[in-house]
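So the structure is just underneath, and the comments pick up after that.
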Amino acid sequence: MVSINSNCIGCGTCAAIAPTIFKVEGIPAEVIKEPATAEEQTLTQQAIEMCPVQAISDTPAKMAA
Ligand code: SF4
């Protein structure tokens, strides 16, 4: 699950990289939807790496045991 923490400064980088995943209208930015395709996964990873304050995290959904 992709989430954004309170470190976000609203710079807009994540939405510029992955506009289908992130929306920056306020602070913190919002996750519009979870990445569904391989391309969206890649863009999400790029956004995580490019975020200047490491505010984005992606925790793989746990399967029910
Ligand atoms: S790249 Fe990081 S700091 Fe910038 S808007 Fe996105 S979550 Fe916030």
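In the working numbering, the protein residues as written are 1 to 65.
Ideal Cβ placement from N, Cα and C applies to all residues, glycine included.
Nonlocal neighbours in the same chain, by C-beta distance under 8 angstroms from residue i, ignoring five residues either side
i   : result
Q46 : I17, A18
G26 : G10
Of the residues the options, the one placed nearest residue i, counting alpha carbons only
i   : options            : result
V53 : G26, A29, I9       : I9
A29 : I48, E49, T42, G12 : G12
T42 : S6, I21, S3        : I21
A34 : G26, T44, I27      : Just to set this straight, residue 34 is Glu in the shown sequence, not Ala. Closest option to E34, Cα to Cα, is T44.
Run of the alpha helix (DSSP H) containing residue i, from where it starts to where it stops
i   : result
I48 : 38-50
Chain C within 8 angstroms of residue i, Cβ atoms only
i   : result
A29 : Absent here is chain C; the protein component of the structure consists of one chain.
Unbroken beta strand (DSSP E) run spanning residue i, endpoints
i   : result
I9  : Element bounds for I9: n/a, residue is neither H nor E.
I56 : 56-58
8 angstroms Cβ cutoff met for residue i and residue j
i  : j   : result
S3 : V24 : no
M1 : T59 : yes
Residues near residue i by beta carbon distance below 7 angstroms, same chain, minus five either side
i   : result
M50 : T13, I17
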